[in-house]
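Heads up, the thing below is written out as structure tokens.
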């Protein structure tokens, strides 16, 4: 007979503590194979997480034993100036990006004017423009020897004042123009998701459009703006190439200078921790600004902002504003690069550089492909581990895996060097010294650093793709006898294929654009398109740098095209 | 050795942080038995099901399937080694696979001809023969759920688990699918545990109904027994409309305003009556009261009557009657029905 006891414990069953040593049939089920299948995925996820953290950990440890001499010397010479420059640059660029990104987002969301929907996604295009490319085009066009200043002097005389281009101001303008799209994107999404109803309510309560925007919409946007500003500052902080064009001396430049100048690992490491501290400060500020609000939390089918139609002068002004920004940040520099590239290819001097192009392109592609494949595999492993074994272990592993975005390039690069040097030493110690050290300037180190830095975008994309597969689908597959590996390959991978591809594309593009890590870690003779561009620009051979720069822009346009599809949805007519 | 049952859960405990979802549940399932686990949302019934299926691990207690320990609080056998079929509220079909591929997913390693035969057989059981080549998005909600049922039954699991299997369907479809499920389970002789929040469903589908509240199993018995002899006022009220009348305990007799309460002990203080136990009457017997609420239900009227003693009871009136709010009517027990003494909720 069946027994059902509501709360009374039944005496017939052995207590839990005795169960493992129960009848022999128990052991048949709890075989070693089961234990292995239980632990394989979390272990893999933890391994990925540890590998990502190792460089940062090595770097952080190095500061525990500071070399006072290095710091004293730096403090006497460049350090104070570098701190000031870093602060001014970060604040300047974030203010510029907030004003430009937020303003343009409001313009294309709250108003209708000729081209407003097209601008809705075209204004994201500058994301494809690396700062080191816009930087050198700006210098050459607006610099003292450039056509603009030449025309200025011809018109107003040789002593006519012209704002200095090779300056902090110039750097802030260039970074603002390439980074505002981050703010623009987040602000647009937030506006589309949340602002409609709140704005309407505020208007119905008697607030004018400007007052409603200031008192209701802006506070609603605050978390999105805080997130946008923090991305912008991170991207600015990671750079040490573009700023050098403009004679701006940040802490990241300091790392580069020490590393390239002296190859003093320890000194560079200590300086890199300073960059890490700045990055942590940025994250802290974002947390404070964001407050308890969450961004990206859509209230479901929220009502969109009803756009106002602009006419006449106002419409023309709106159109011109958007066009001008787009022209300055993307159109004009691209056109200039095309002109230079054609001149170079067809010019009288012949085309020696064009011949080198395939080699550099191949380096970039190989590096990016390795990075993308490894990042995708790591992201698939980590996200699947979290699905099969939800819990604290896999949760932490996932979050740790995504820290790369918050760790500036110089920090990752120096950290990887420290980690690989330790590995070299360890191999040496156990008598497995490899021919040619792993650490110094190896392809492995370069790929490792790229993966640490670019796992985050891949992981986020693949994670959201897997989130589209209901947990019950996973559970059903497993209850039908499929082990996690079969569920992953037969169910999860086919169902999240699109997001895996997108993740791979995002990582590839980031890897092709990347300059700072490549400059620090590239093996001798292994120059990527971005490094080649930088080297040519450093020798002021702007025309010759046009070809690789254009190649990078073309590659970088791919994710922008992907984004545009998503954005086209946002700019659709409000459904009534 | 005692008889090997498809499922034995012993003092199962599962907590999420400070929230105890399942707080010591002991239950077992006989061969070919269908048990409906019912309770309000958050009572722990789904967590219990997930633990049996291997989707959650127990903190304490144990689960045995066909006599083998699959979870004892320390070691957990993964779901793929349990031979337990799962059907969820959302059909959870694999959207990129055809009906055939869905149903045959759990039949890996068998000869192809055998797989095809089994798929045909299972689709026949759920009346979907000929649907092999379709994709889930080409099916209706009810058809998807039947494919999910066929898929779960295909590997001949020793036990089937259903988590709110009909909740996403509309009423007519739900009744039809319920008959499909029961006949498929009977045809294959599979024991099943069906979790639902719908009392009518639980009463209609289960050989036994297990009522849970706050992580505890309050009562598990035949549908008739849980409905007409509820263990306490919670079970009484949860399974259907019920009114509770205070009892006065005299010398050996227990009496409410509607008359004697047979079977009441000296410690019970209230008796349950269901609306179908009470009728409105125009004769001079019964208790007088005022109608405070009227609801038309097609076959009859449901009325709330506030008795002059101050207590409200629900009653059914024939659909030809026309009760109105404010009417003064008399109520009495239907001949042959009795009031049931119930224990208060602890």
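Residue numbers (our numbering), protein chains in the order written: chain A, 1 to 576; chain B, 577 to 922.
Every residue gets a Cβ at the ideal spot worked out from N, C-alpha and C, and that includes glycine.
Assigned secondary structure, residue 471 of chain A (DSSP; H/G/I helix, E/B strand, else coil): Reduced to three states, the DSSP call for residue 471 of chain A is helix.
Just to confirm, is the Cβ distance from residue 917 of chain B to residue 837 of chain B under 8 Å? Yes, these two residues count as a Cβ contact at 8 Å.
Is the distance from the Cβ of residue 743 of chain B to the Cβ of residue 701 of chain B below 8 Å? Not in contact: residue 743 of chain B and residue 701 of chain B (Cβ atoms no closer than 8 Å).
Do you know whose CA, among A/250, A/442, A/218 and A/336, lies nearest residue 146 of chain A's CA? When only C-alpha atoms are compared, the closest one is A/336.
Any beta-carbon of chain A closer than 8 Å to the one on residue 595 of chain B? For residue 595 of chain B, the answer is no, since every Cβ of chain A falls outside 8 Å of its Cβ.
Taking its Cβ as the centre, do 16 or more other Cβ atoms sit within 10 Å of residue 776 of chain B, making it buried, or is it exposed? With a 10 Å radius around the Cβ and a threshold of 16 neighbouring Cβ atoms, residue 776 of chain B comes out exposed.
Determine the chain B residues that contact residue 491 of chain A at a beta-carbon separation under 7 Å, and present them in chain order. Those within 7 Å of residue 491 of chain A in chain B are 670.
Among residues of its own chain, excluding the 5 on either side of residue 822 of chain B, which ones have a beta-carbon nearer than 7 Å to its beta-carbon? Same-chain partners within the cutoff: 832, 845 and 846.
Can you check DSSP and say which residues form a bridge with residue 769 of chain B? For residue 769 of chain B, which the question treats as bridged, DSSP gives the partners B/611 and B/737.
At 3 residues or longer, what runs of the beta strand (DSSP E) sit wholly inside the stretch 181-245 of chain A? Counting only runs of 3 or more residues that sit fully inside the stretch 181-245 of chain A, no beta strand (DSSP E) segment turns up.
Listing by chain order, which chain A residues have their CB less than 9 Å from the CB of residue 660 of chain B? Listed along the chain, the chain A residues whose CB falls inside 9 Å of the CB of residue 660 of chain B are 479.
Under a Cβ-count criterion, where at least 16 other Cβ atoms within 10 Å of its own Cβ denotes burial, should residue 639 of chain B be classed as buried or exposed? Around the CB of residue 639 of chain B, 16 or more other CB atoms lie within 10 Å, so the residue is classed as buried.
Cβ atoms of residue 360 of chain A and residue 532 of chain A: under 8 Å apart, would you say? With contacts defined by Cβ atoms closer than 8 Å, residue 532 of chain A and residue 360 of chain A form a contacting pair.
How long is the line joining the alpha carbons of residue 174 of chain A and residue 210 of chain A, rounded to whole angstroms? Residue 210 of chain A has its alpha-carbon roughly 29 Å from the corresponding atom of residue 174 of chain A.
Answer with buried or exposed for residue 869 of chain B, where buried requires no fewer than 16 other C-beta atoms within 10 angstroms of its C-beta. With fewer than 16 Cβ atoms within 10 Å of its Cβ, residue 869 of chain B is classed as exposed.
By DSSP, does residue 795 of chain B sit in helix, in strand, or in coil? The answer is strand: DSSP assigns residue 795 of chain B an E or B state.
In terms of residue numbering, what span does the alpha helix (DSSP H) encompassing residue 324 of chain A cover? Run containing residue 324 of chain A: 312-326, per the alpha helix (DSSP H) assignment.
Neighbouring residues, chain B, relative to residue 168 of chain A (Cβ below 8 Å): Going along chain B, no residue has its Cβ under 8 Å from residue 168 of chain A, so there is no contact; the nearest lies around 51 Å.
Kindly list, in the order they appear in chain B, the residues whose Cβ is closer than 7 Å to that of residue 494 of chain A. Neighbours of residue 494 of chain A in chain B, taken as residues whose beta carbon is under 7 Å from its own, are 672 in chain order.
For residue 769 of chain B, return the contacting residues in chain A, with the cut-off set at a CB-CB distance below 8 Å. Within 8 Å Cβ-Cβ: nothing; residue 769 of chain B doesn't reach chain A, min ~12 Å.
For residue 910 of chain B, does the three-state DSSP call read helix, strand or coil? Coil, per DSSP.
Could you pull out every residue in the same chain whose Cβ sits closer than 7 Å to the Cβ of residue 882 of chain B, ignoring the five residues on either side in sequence? If we look at residue 882 of chain B and ignore the five residues flanking it on each side, its Cβ neighbours are 865, 866, 868 and 888.
Suppose contacts are defined by Cβ-Cβ distances below 8 Å. Is residue 449 of chain A in contact with residue 400 of chain A by that definition? No. Outside cutoff.
Going by C-alpha to C-alpha distance, which of A/108, A/287 and A/115 sits closest to residue 187 of chain A? If we check each option's Cα against that of residue 187 of chain A, A/108 comes out closest.
Delimiting residues of the beta strand (DSSP E) encompassing residue 832 of chain B: Start and end: 830-832.
For my contact list, residue 782 of chain B and residue 628 of chain B are in at a C-beta cut-off of 8 Å; report their separation, rounded to the angstrom. The Cβ separation is near 16 Å, so there is no contact.
Beta-carbon within less than 6 Å of residue 459 of chain A's beta-carbon, same chain only, minus the 5 sequence neighbours each way: which residues are those? So the list reads 379, 401 and 402, once near-sequence residues are dropped.
Can you tell me the Cα-Cα spacing of residue 472 of chain A and residue 799 of chain B, whole angstroms? Rounded to whole angstroms, the separation of the alpha carbons of residue 799 of chain B and residue 472 of chain A is 30 Å.
What residues in its chain sit with their C-beta under 6 Å from that of residue 228 of chain A, if we drop five residues either side in the sequence? For residue 228 of chain A, where only same-chain residues beyond five positions count, the Cβ hits under 6 Å are 182, 183 and 186.
Is DSSP giving residue 423 of chain A helix, strand or coil here? Secondary structure of residue 423 of chain A (DSSP, three-state): helix.
Specify whether the stretch 240-258 of chain A and the stretch 107-124 of chain A touch according to this definition: at least 3 beta carbon pairs, one from each stretch, less than 8 Å apart. Contact between the stretch 240-258 of chain A and the stretch 107-124 of chain A is absent: fewer than three C-beta pairs spanning the two stretches fall below 8 Å.
Other residues of its chain near residue 786 of chain B: CB distance less than 8 Å, five sequence neighbours each side excluded: Cβ neighbours of residue 786 of chain B beyond the five flanking positions: 603, 611, 612, 613, 614, 793, 795 and 796.
Of the listed residues A/464, A/84 and A/55, nearest to residue 251 of chain A (C-alpha basis): Closest option to residue 251 of chain A, Cα to Cα, is A/84.
Proximity winner among A/89, A/475 and A/334, relative to residue 548 of chain A (alpha-carbon distances): Considering only A/89, A/475 and A/334, the residue with the shortest C-alpha distance to residue 548 of chain A is A/334.
Closer than 7 Å between beta carbons: that is the criterion. Which residues of the stretch 618-646 of chain B meet it against chain A? Close to chain A, meaning a Cβ-Cβ distance shorter than 7 Å, are the following residues of the stretch 618-646 of chain B: 629, 631, 636, 637, 638, 643, 644, 645 and 646.
Who are the near neighbours of residue 521 of chain A in its chain, counting only those whose CB is closer than 8 Å to its CB and skipping five residues on each side? Around residue 521 of chain A: 413, 416, 417, 441, 445, 446 and 449.
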